[in-house]
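J.: Chains A and B, in that order, are what the protein sequence lines are. Per my numbering, the very first residue in the first sequence carries number 38; after that it's consecutive. Per my numbering, the very first residue in the second sequence carries number 5; after that it's consecutive. Even glycine gets a Cβ: it sits at the ideal position worked out from N, Cα and C.
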Amino acid sequence: MSAMSNFAETVVPNADVEPVLSVRDLKTSFLTSKGWVEIVKGISFDIGPRETLAVVGESGSGKSVTALSIMRLLDPEMSRVDGSVKLAGRELLKLSPGEMRNIRGRQMGMIFQEAMTSLNPLQTVGQQIAEVLSIHGLYSGQAALKEAERLLDRVRIPGAASRLKDYPHSLSGGMRQRVMIAMALACKPKLLIADEPTTALDVTIQAQILQLIKQLQQEEGMGVLFITHDMGVVAEVADRTVVMLQGKAVEADSTEVIFERAENPYTRALIAAVPKLGQGSQKGPQHFPILDRKTGTIVTGRERPDTVRHDAEPVLRVKDLTKRFDIPGGLFSGPSGRVHAVEKVSFDLRAGETLSLVGESGCGKSTTGRAIMRLIEPQSGEVSIEGTDIRALDKERMRDMRRHIQMIFQDPYASLNPRINIGEAIAEPFLTHKLGTRQQAREKAMDLLERVGLSPDMASRFPAQFSGGQRQRICIARALSLEPKVIVADESVSALDVSIKAQVVNLMMDLQEQFGLSYLFISHDMAVVERISHQVAVMYLGEIVEKGPVAAVFGNPQHPYTKRLMAAVPVPDPARRKQLRPVSNDEVKSPIRPVDYVPPQRDYREISPGHIVQAWGDDWKV
Amino acid sequence: MSVIAEETPRVPPAEPGFFTKARKILLGRPETAFATGMIVVFIFIAIFAPVLAPYDPLAQSVIKINRLPSQENWLGTDQFGRDVLSRLIYGSRNSLLFGFISPVLAALFGTMLGVVAGYFGGIVDRLISRVIDLLLAFPELLLAILIAAVLGGGFWNIIAVITVAFIPGFARVARAQTLSVKQEPYVEAAIATGVRTPVIIVRHIIPNIMAPIVALMTLWVASAIRIEASLSFLGIGTRPPNPSWGNIIRDGLNSLFGSPWPIIGAGIAITLVVLSFNLVGDAIRDALDPSTAR
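(1) What does DSSP give as the partner residues of A:ILE537 in its beta bridges?
(2) Could you check which residue in B:ARG97, B:ASN70, B:THR182, B:PRO143 has the C-alpha nearest to that of B:ASP82?
(3) Ends of the alpha helix (DSSP H) at B:ALA148?
(4) Work out the CA separation of A:GLU390 and A:ALA478 for me, nearest whole Å.
(5) Among the residues of its own chain, which have a CB less than 8 Å from the CB of A:SER492, if the five just before and after it don't count?
(6) I want to know whether the segment 175-190 of chain A touches the segment 229-245 of chain A - three or more CB-CB distances under 8 Å.
(7) Identify whether A:TRP10 lies in helix, strand or coil by the three-state DSSP scheme.
(8) Assign A:LYS206 to one of two classes, buried (16 or more other C-beta atoms within 10 Å of its C-beta) or exposed (fewer than that).
(9) Along chain B, in chain order, which residues have C-beta atoms closer than 9 Å to that of A:ALA197?
(10) Counting pairs of Cβ atoms below 8 Å between the segment 573-593 of chain A and the segment 409-417 of chain A, do you hit three or more?
(11) Report the option in A:VAL345, A:LEU533, A:GLY406 whose CA atom is closest to the CA atom of A:ALA526.
(12) Using a C-beta to C-beta distance shorter than 7 Å, which residues of chain A count as neighbours of B:ILE105?
(13) Are there three or more Cβ pairs, one per stretch, closer than 8 Å when the segment 351-371 of chain A is compared with the segment 412-425 of chain A?
(14) Grab me the residues of A:GLY490's own chain with a C-beta within less than 7 Å of its C-beta, minus the 5 sequence neighbours each way, in chain order.
(15) How many Å lie between B:LEU146 and B:GLU192 at the Cα?
(16) When the distance is taken between beta carbons, is B:ILE229 closer than 8 Å to B:SER133?
(17) Relative to chain B, which residues along the segment 67-97 of chain A have a C-beta separation below 7 Å, given in chain order?
(18) Among residues of its own chain, excluding the 5 on either side of B:THR40, which ones have a beta-carbon nearer than 8 Å to its beta-carbon?
(19) Let's see if you can read the secondary structure: which residues bound the beta strand (DSSP E) around A:TYR641?
(20) Does chain B have any CB closer than 8 Å to the CB of A:GLU465?
(21) Which residues of the segment 188-199 of chain B have a Cβ closer than 9 Å to any Cβ of chain A? Give them in chain order.
(22) Give me the chain B residues within the contact set of A:ALA451, using Cβ-Cβ distance strictly less than 7 Å, ordered along the chain.
(23) Assign A:ASP290 to buried or exposed, taking buried as 16 or more other Cβ atoms, counted over all protein chains shown, within 10 Å of its Cβ.
(24) Which residues of chain A have a Cβ atom closer than 7 Å to the Cβ of B:PRO211, listed in chain order?
(25) Between the segment 119-136 of chain B and the segment 148-168 of chain B, can you find at least three pairs of beta-carbon atoms closer than 8 Å?
(26) If you check the beta carbons only, do A:LYS251 and A:LEU124 fall under 8 Å apart?
(27) Going along the chain, which residues of its own chain have a beta-carbon closer than 8 Å to the beta-carbon of B:ILE43, five neighbours each way excluded?
(28) Once you ignore the five residues that flank B:ALA50 on each side, which residues in its own chain have a CB closer than 6 Å to its CB?
(29) Cβ closer than 8 Å: which chain B residues qualify as neighbours of A:LYS448?
(30) Residues of chain B with CB under 9 Å from A:HIS470, in chain order?
(31) Between A:THR404, A:LYS522, A:VAL287, which has its C-alpha nearest A:ALA388's C-alpha?
(32) Three Cβ pairs or more, each shorter than 8 Å: is that satisfied between the segment 277-297 of chain A and the segment 72-84 of chain A?
(33) State the start and end residues of the unbroken alpha helix (DSSP H) segment that holds B:PHE48.
(34) At least one CB of chain B closer than 8 Å to the CB of A:ARG5: is that the case?
(35) How about A:MET603: is its C-beta nearer than 8 Å to some C-beta of chain B?
(36) Whole angstroms are fine: how far does the CA of A:VAL635 sit from the CA of B:ARG200?
The following block contains the structure:
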């Protein structure tokens with residue numbers, strides 16, 4: 038690896054300024070049952086003041102371990118860290134645990150992915166911030182609380198003074214992450230380490246947090262080490278980028294260079310796999326370009342024919358679907374409120390068509406999918422498959438009807454029974470509906486395994502032996518074993534690494550072509566949605582606010598919420614990084630209503646053929 | 005340069021087989037290996053009691069009452085002149101049989117009740133749960149004494165007594181596990197493909213809740229042996245003259261100053277077996293639930 042030696046030069050930001058953090062040849066090993074295993078295999082980089090360095094890689098690349106090694110948060114009995122980590126010239130790896138505690142929080146702030154588990158549920162946020170301040174001896178008592186309020190204000194939490202007395206559970210995910218940032222910044226650290234800080238957040242909230250980190254960095258002049266798997270986020274925040282693969286830095290350079298002319302095939306594959314908004318073609322859904330890792334060339338894939346049966350009746354018709362959940366009150370009183378999870382949702386899905394439901398968490402998109410599957414019983418509305426209203430079917434006939442509509446779930450690790458081998462798992466639906474003999478079921482399972490890109494001789498293996506992407510392929514095979522007409526894919530690719538995601542989406546498109554499948558694709562990922570869908574419906578607080586052909590909705594968004602959603606998607610274009618966008622503090626509102634709430638009558642207007650927008654009320658007036 | 009994260013079908017590594025795993029659990033730590041060995045020895049003794057016992061455990065002899073250990077009778081004799089060692093050896097049969105049958109039966113019924121309550125919920129759950137709560141309110145031993153006092157002693161009565169006393173524990177665990185497994189997407193996936201409820205319970209729920217139940221079962225083998233001994237000691241367990249470790253102690257108590265060896269022998273046997281099953285049970289629980297592992 039001659040390239041390694043070059044990194045040291047390319048990663049030095051500015052020779053005149055002393056770097057805040059300087060990492061040289063960092064190696065981390067873990068003690069496993071097979072002895073010491075090296076996870077991080079020699080990483081070097083520098084971070085200057087006001088600079089953001091992104092460490093990017095897929096799961097298992099060692100990026101989080103790198104961060105933990107720098108903070109020395111690994112269990113010293115189970116791990117070994119070699120090399121050199123200098124914070125403002127001071128070697129961290131040689132410090133005693135006591136000295137290190139002083140550095141952490143004081144000179145080095147940290148934020149993590151799970152803001153909820155990082156906060157103590159039994160203390161108010163004010164107490165927790167004040168505690169950080171008093172531990173490091175900066176403020177105490179009332180002064181600490183006063184400072185905490187100022188910090189909450191700095192992270193743009195509205196009404197900071199009243200929020201001090203809130204407990205973590207009463208804050209939303211985005212607000213909690215802001216509190217975490219406030220705590221990390223409490224002692225004005227020189228370095229902020231952010232480990233996937235926005236991964237668990239909705240896209241509009243992610244945009245807010247990223248903006249906030251950028252602004253605070255400018256104001257405080259600190260260096261930021263940003264760990265992420267998302268190339269879009271990298272382009273948004275990072276000055277320089279280190280790409281990690283299997284514990285090694287395969288490429289390190291300024292973010293612009295990485296995006297424009299990355300040399301390493303892995304880096305190029307990562308960038309190629311990032312879905313970019315605004316690349317959807319007028320010709321309907323197209324494959325993701327996949328980089329051939331052997332030759333290093335990008336394979337765009339042949340053009341997909343139009344799979345939609347425009348002439349036929351829709352296979353799935355949903356009309357005025359409504360689902361509300363009661364919030365139980367006391368023992369003898371009625372419900373204390375009601376979650377209007379799905380409110381009069383209507384759409385049609387034709388054979389060979391993909392309709393995507395997009396929206397942020399809590400918008401009711403998953404509930405819609407589950408209500409259509411009758412995994413939960415909707416209150417009212419009509420769901421018909423090829424003209425049969427499935428809501429009117431009794432248990433027995435519903436069971437038969439399930440042949441035609443199948444579901445793929447989000448978590449590939451949990452959607453397969455760990456005690457049943459995958460051959461049997463795929464054959465189970467086939468046998469349940471008595472579509473053939475055991476022998477035929479086995480052959481079917483083998484055939485399907487091959488079709489989803491796995492090998493038939495894996496049929497006797499158990500789910501635990503497969504990776505996430507492979508498991509999702511198995512789930513797809515299981516859904517296909519009944520030859521359904523409609524597949525409801527609920528966040529089916531959201532949990533996958535970006536390159537795997539691209540491959541699974543491509544597979545789904547291929548299968549659509551082969552079997553004439555219709556997909557109801559439920560996702561929060563706008564860029565994937567743009568790739569895969571013919572039609573898109575944007576959901577907000579249980580209602581569809583805008584729907585139509587993808588090109589129309591994404592190309593000419595009308596509803597303010599659609600616009601906000603589009604604007605929040607990270608753009609993998611480093612040139613846009615310098616623009617500071619205004620930070621909005623808007624939260625997604627709650628769909629919890631009083632018991633006697635009557636949803637307003639909605640008007641819709643048609644912008645262009647098929648492109649329908651809900652008339653929005655005063656709350657959207659700017 | 006090797007490039008990974010590729011989705012070409014790599015051949016996944018084979019999982020260690022059941023026996024490899026079982027061996028690791030049972031023989032992994034020295035104390036567990038000792039306990040496993042102990043259990044094997046006691047089972048061996050129980051099976052081959054007729055071969056190993058030097059005398060008929062019921063044969064009385066007026067001339068050999070309350071003898072101290074000798075060449076002839078290694079652990080001496082009791083107040084009826086019966087050979088204590090032979091009674092201990094035959095007593096292991098009763099004790100172990102009780103020890104195994106009750107927890108297995110309790111696990112069977114308890115799991116069934118728990119799964120039904122957990123899976124169907126609603127009124128069924130409320131009914132089963134309340135009955136279980138009621139049973140749980142009484143200590144096992146007290147409940148066992150109560151029922152034994154009403155029904156009288158005897159092999160099957162005692163089995164029934166201990167089983168009933170153990171059912172709530174298994175039902176509780178099974179119910180809680182079912183509630184969480186029911187939420188798993190693979191169960192939902194099975195519902196979505198139209199799999200019938202009984203099949204879902206048998207194929208998708210029960211295999212996935214068995215681990216803690218097996219661990220509980222092993223731990224309760226020890227309790228069952230202990231409870232049987234207590235009941236026999238109180239005279240409402242195994243009926244004399246049939247030997248059981250509990251009634252050997254009871255008989256020995258009357259002639260404590262003549263020969264303490266019945267009590268010492270039976271006491272050691274009970275201690276060893278109970279300790280061994282507890283150790284093995286702990287090992288299984290640790291292996292199945294990483295959060296409690298050391």
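T.: From the atom records:
(1) A:ILE537 is not bridged to any residue.
(2) B:ASN70
(3) Annotation for B:ALA148: the continuous alpha helix (DSSP H) segment containing it runs 144-155.
(4) 28 Å
(5) LEU486
(6) no
(7) With chain A running from 38 to 659 in the structure shown, residue 10 of chain A is simply not present.
(8) Looking at the sequence shown, residue 206 of chain A is not Lys but His. When all chains shown are included, A:HIS206 counts as exposed.
(9) Neighbours of A:ALA197 on chain B: none; closest Cβ ~38 Å, over 9 Å.
(10) no
(11) Looking at the Cα atoms, A:GLY406 is the closest of the given residues.
(12) By Cβ distance, chain A contributes nothing, its closest Cβ being about 27 Å from B:ILE105, past 7 Å.
(13) yes
(14) ARG510, LEU544
(15) Straight-line measurement puts the Cα of B:GLU192 at about 42 Å from the Cα of B:LEU146.
(16) If you check the CB distance, B:SER133 and B:ILE229 do not come in under 8 Å.
(17) GLU95
(18) LEU30, LEU31, SER280, VAL284
(19) 641-645
(20) yes
(21) GLU188, PRO189, TYR190, VAL191, GLU192, ALA193, ALA194, ILE195, ALA196, THR197, GLY198, VAL199
(22) GLU188, PRO189, TYR190
(23) buried
(24) ARG456
(25) no
(26) no
(27) VAL277, SER280, PHE281, VAL284
(28) SER96, ARG97, LEU100
(29) Before going on, a small fix: residue 448 of chain A reads as Asp here, not Lys. Chain B residues near A:ASP448: PRO189.
(30) THR197, GLY198
(31) A:LYS522
(32) yes
(33) 34-51
(34) Because chain A in this structure spans residues 38 to 659, residue 5 of chain A falls outside the shown range and cannot be described.
(35) no
(36) Distance between the alpha carbons of B:ARG200 and A:VAL635 is about 38 Å.
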